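Number of protein chains: 2
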Amino acid sequence: MSVTIKDIAKKTGFSVATVSRVLSNKTGFFSQTTAQAIHQAAADLGYKKNMAATELVMQTSNVIAVIINSTKTNFSDQIIMGIQKKAGETGKRVIILYAGDHDQTAQQIALTTALERPLLGILLVSVDLYPDNLQLLKSAKVPFFFISISFEDTKLNYIASDDYQIGYQATKFLIKHGHRKIGLAGLDISPSAHTGNLRFHGYRKALAESGINFQTNWLQTGDYSYEAGVAAMNAYQKGKVSAIVAASDLVGIGILNQAAKIGLHIPADLSVVSIDGTNLCQLVRPALTSITQDFYQMGYLGTTYLISGSNKNAYTEIQICQRASVKKN
Amino acid sequence: MSVTIKDIAKKTGFSVATVSRVLSNKTGFFSQTTAQAIHQAAADLGYKKNMAATELVMQTSNVIAVIINSTKTNFSDQIIMGIQKKAGETGKRVIILYAGDHDQTAQQIALTTALERPLLGILLVSVDLYPDNLQLLKSAKVPFFFISISFEDTKLNYIASDDYQIGYQATKFLIKHGHRKIGLAGLDISPSAHTGNLRFHGYRKALAESGINFQTNWLQTGDYSYEAGVAAMNAYQKGKVSAIVAASDLVGIGILNQAAKIGLHIPADLSVVSIDGTNLCQLVRPALTSITQDFYQMGYLGTTYLISGSNKNAYTEIQICQRASVKKN
DNA sequence: CTGAAAGCGCTTACAG
DNA sequence: CTGAAAGCGCTTACAG
Numbered sequence: 001m002s003v004t005i006k007d008i009a010k011k012t013g014f015s016v017a018t019v020s021r022v023l024s025n026k027t028g029f030f031s032q033t034t035a036q037a038i039h040q041a042a043a044d045l046g047y048k049k050n051m052a053a054t055e056l057v058m059q060t061s062n063v064i065a066v067i068i069n070s071t072k073t074n075f076s077d078q079i080i081m082g083i084q085k086k087a088g089e090t091g092k093r094v095i096i097l098y099a100g101d102h103d104q105t106a107q108q109i110a111l112t113t114a115l116e117r118p119l120l121g122i123l124l125v126s127v128d129l130y131p132d133n134l135q136l137l138k139s140a141k142v143p144f145f146f147i148s149i150s151f152e153d154t155k156l157n158y159i160a161s162d163d164y165q166i167g168y169q170a171t172k173f174l175i176k177h178g179h180r181k182i183g184l185a186g187l188d189i190s191p192s193a194h195t196g197n198l199r200f201h202g203y204r205k206a207l208a209e210s211g212i213n214f215q216t217n218w219l220q221t222g223d224y225s226y227e228a229g230v231a232a233m234n235a236y237q238k239g240k241v242s243a244i245v246a247a248s249d250l251v252g253i254g255i256l257n258q259a260a261k262i263g264l265h266i267p268a269d270l271s272v273v274s275i276d277g278t279n280l281c282q283l284v285r286p287a288l289t290s291i292t293q294d295f296y297q298m299g300y301l302g303t304t305y306l307i308s309g310s311n312k313n314a315y316t317e318i319q320i321c322q323r324a325s326v327k328k329n
Numbered sequence: 001m002s003v004t005i006k007d008i009a010k011k012t013g014f015s016v017a018t019v020s021r022v023l024s025n026k027t028g029f030f031s032q033t034t035a036q037a038i039h040q041a042a043a044d045l046g047y048k049k050n051m052a053a054t055e056l057v058m059q060t061s062n063v064i065a066v067i068i069n070s071t072k073t074n075f076s077d078q079i080i081m082g083i084q085k086k087a088g089e090t091g092k093r094v095i096i097l098y099a100g101d102h103d104q105t106a107q108q109i110a111l112t113t114a115l116e117r118p119l120l121g122i123l124l125v126s127v128d129l130y131p132d133n134l135q136l137l138k139s140a141k142v143p144f145f146f147i148s149i150s151f152e153d154t155k156l157n158y159i160a161s162d163d164y165q166i167g168y169q170a171t172k173f174l175i176k177h178g179h180r181k182i183g184l185a186g187l188d189i190s191p192s193a194h195t196g197n198l199r200f201h202g203y204r205k206a207l208a209e210s211g212i213n214f215q216t217n218w219l220q221t222g223d224y225s226y227e228a229g230v231a232a233m234n235a236y237q238k239g240k241v242s243a244i245v246a247a248s249d250l251v252g253i254g255i256l257n258q259a260a261k262i263g264l265h266i267p268a269d270l271s272v273v274s275i276d277g278t279n280l281c282q283l284v285r286p287a288l289t290s291i292t293q294d295f296y297q298m299g300y301l302g303t304t305y306l307i308s309g310s311n312k313n314a315y316t317e318i319q320i321c322q323r324a325s326v327k328k329n
């Protein structure tokens, strides 16, 4: 058996009540001398608090559960950094649960694992909950916040980038660089895909503002993956577009590599701007110009809001990082 | 208040004991009819088990805590996949805790967060524990296993690649391709760095076997990062080596990009083989030839061993994946 | 097959 | 400043 406050009580001669009070630092309820004796004994005995007991009586905890999808996106690390930072500053703890990749069962397991214990709250990082699971989450009384994903339903709290602006600004940027035939590649615009549709609308708007007529084959949908980028590049015949907005860094890299394979030079023959701006952009050559999202801040702010119990939605900033993959036409 | 087994007992007319038995599926202790009524009531009431209570009485749980360092390495995802797979197959749950990047306090917080609750066991993914923290871990009665990191101390259980072999085979491979001046870049060989030293020894051994005299400046140490690769490439003057073993994929990419910058063509002027073999190798051009580690299997096996309480160490397989960054000399 | 009761390790009014 | 006692929601011998 491990050592409990009862053992400390026995050793010091105080009651468990007093031991509990000093160990959980209920200041003002004990004297310095008492505290010292108890802390000493705790250290000597190698005491470790049993949080299961604490949570049981407190009906809450200082643990934030982060549920995250395990896609090959690589920006979740930055979001988690932001979360950890804020949590660390405020003495909260964080546990992370993988919800699989568009896997309803995995999602449900993650959610259940989280909900089965007292929790400060839940942060959902780019996981698009299935209706049943959303229901499950709502029915629990636990506060939650979505990060890096937005909804039409404004009753759902989220922190994300403004995807309409992302599509708009990426396109505008290419237009300013003299492009008129601009592709949009690798994103999902099925009816339920809010992010993809917003980006698409932003793209259309930018085109329209400059009097450019959208051509159907400029849009190459996909699932934000490297392979989607390769497929999109194949779909664009040589010369059909002079620039492409890639739905993610991976899509951008897929385009880059496939372009090289079919003998197209970037940015000489084709310009590319990718969305996300993770460190992958600087690993490849030419380095990818990107619409960079502030993932760290998303995590930090999401945690801040969750902790403070605020229920407003917010957008974090986006920024154009010019690197080497776009040329002036 | 949320609904408890007491509520279900009241609603069905059974005792909490019976409710507990059917809900935790103590087969043989109840009739089908009873079970149905209770499950029905549980569903109607929206019952969710309070694991804090269960863990308190059981003094254990089916939760595996994974402690992982937050370096910019990108292979932990695969390890986690392997862990989740095995955990899923056996009905275990997994929570992940970030231990920072060589951050003693962050490590300690992660460890404490884990140890504060009943646990099936702990998996440490490429985290090199500070002595104090290792002590803390050992003093808890919880089983633990290291993944992707090995020790001289064989009392510590781990699953990793054979780093001596990694260094040996990478070097051997380059020798077979006709190289005699072979660099080793980006790894840490300070006395306490077990991995780096093993790889270095394997490298030396391969050199020696082919009667090649090691030159001090062939070794460029570092911290496995992209920047270490860049620095190493700068250190190798043009023509000093004809091939390089990169300590990680990121080091390899740093070499690739810096080589391009100073006008060296890979593999024409310089061959590179990187260690790890993550998907980054296929994202860059030329694609990196790599000594590929089986990270997924490490996670899977580590979890298997942890669950079964076995305490043997094991190596997972390594494999040479030929891509485009090595040429026959 | 089922129930009454004790207990897991902690916290917190309540009374001093 | 300190202690006795009740209670958090579960599980499990023990007795039927």
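Protein chains in written order, with the UniProt record's numbering: chain A, 1 to 329; chain B, 1 to 329.
Ideal Cβ placement from N, Cα and C applies to all residues, glycine included.
Since this is a predicted model, take the numbers as computed values, not measurements.
Residue i - DSSP class collapsed to helix/strand/coil
| i | result |
| --- | --- |
| Arg93 of chain B | strand |
| Thr54 of chain A | helix |
| Asp77 of chain B | helix |
| Asp276 of chain B | strand |
| Ile166 of chain B | helix |
| Val251 of chain B | helix |
| Thr4 of chain B | coil |
| Ala260 of chain B | helix |
| Tyr98 of chain A | strand |
| Asn197 of chain B | helix |
| Ile109 of chain B | helix |
| Gln104 of chain A | helix |
| Arg180 of chain A | coil |
| Gly28 of chain A | coil |
| Lys49 of chain B | coil |
| Ala208 of chain B | helix |
Start and end residues, alpha helix (DSSP H) containing residue i
| i | result |
| --- | --- |
| Thr303 of chain B | Phe295 to Ser308 |
| Tyr158 of chain B | First-last for Tyr158 of chain B: Tyr158 to Ser161, but that is the beta strand (DSSP E), not the alpha helix (DSSP H). |
| Ala35 of chain A | Gln32 to Leu45 |
| Pro131 of chain A | Pro131 to Ser139 |
Residue environment, residue i, which counts as buried when at least 16 other CB atoms sit within 10 Å
| i | result |
| --- | --- |
| Gln322 of chain B | exposed |
| Gly46 of chain B | exposed |
| Lys240 of chain A | exposed |
| residue 407 of chain A | Within the shown structure, residues of chain A are numbered from 1 to 329, placing residue 407 of chain A beyond reach of any answer. |
| Ile262 of chain B | exposed |
| Asp249 of chain A | buried |
| Phe146 of chain B | buried |
| Glu55 of chain A | buried |
| Asn25 of chain B | exposed |
Residues bridged to residue i (per DSSP)
| i | result |
| --- | --- |
| Gln220 of chain A | A:Ala185 |
| Cys281 of chain B | In DSSP, Cys281 of chain B forms no bridge with anything. |
| Ile291 of chain A | A:Ile275 and A:Ile320 |
| Ile147 of chain B | B:Val125 and B:Ile159 |
CB contact flag (residue i, residue j, <8 Å)
| i | j | result |
| --- | --- | --- |
| Asp163 of chain B | Thr195 of chain B | yes |
| Met58 of chain A | Glu116 of chain B | no |
| Ser148 of chain A | Phe29 of chain A | no |
| Gly320 of chain B | Ile291 of chain B | For the record, residue 320 of chain B in the displayed sequence is Ile; it is not Gly. Yes; because the gap between Cβ atoms is below 8 Å, this pair is in contact. |
| Ile275 of chain A | Ala246 of chain A | yes |
| Thr216 of chain A | Phe75 of chain A | no |
| Asn234 of chain B | Arg285 of chain A | no |
| Ala232 of chain B | Ala170 of chain B | no |
| Ile96 of chain B | Ile122 of chain B | no |
| Leu270 of chain B | Thr221 of chain B | no |
| Ile64 of chain A | Thr303 of chain A | yes |
| Arg204 of chain A | Phe214 of chain A | yes |
Opening and closing residue of the beta strand (DSSP E) in which residue i lies
| i | result |
| --- | --- |
| Gly121 of chain B | Gly121 to Val125 |
| Thr316 of chain B | Ala314 to Thr316 |
| Val16 of chain A | Counting along the chain, Val16 of chain A falls outside any beta strand (DSSP E), though it belongs to the alpha helix (DSSP H) covering Val16 to Leu23. |
| Val230 of chain B | Where Val230 of chain B is concerned, there is no enclosing beta strand (DSSP E), although the alpha helix (DSSP H) it sits in stretches over Tyr226 to Ala235. |
| Ala246 of chain B | Ala243 to Ala246 |
| Ala65 of chain B | Val63 to Ile68 |
Near the ligand ADP: residue i beta-carbon under 7 Å from a heavy atom
| i | result |
| --- | --- |
| Lys205 of chain B | As presented, the structure is devoid of all ligands, the ligand ADP included, so that no description of it is given. |
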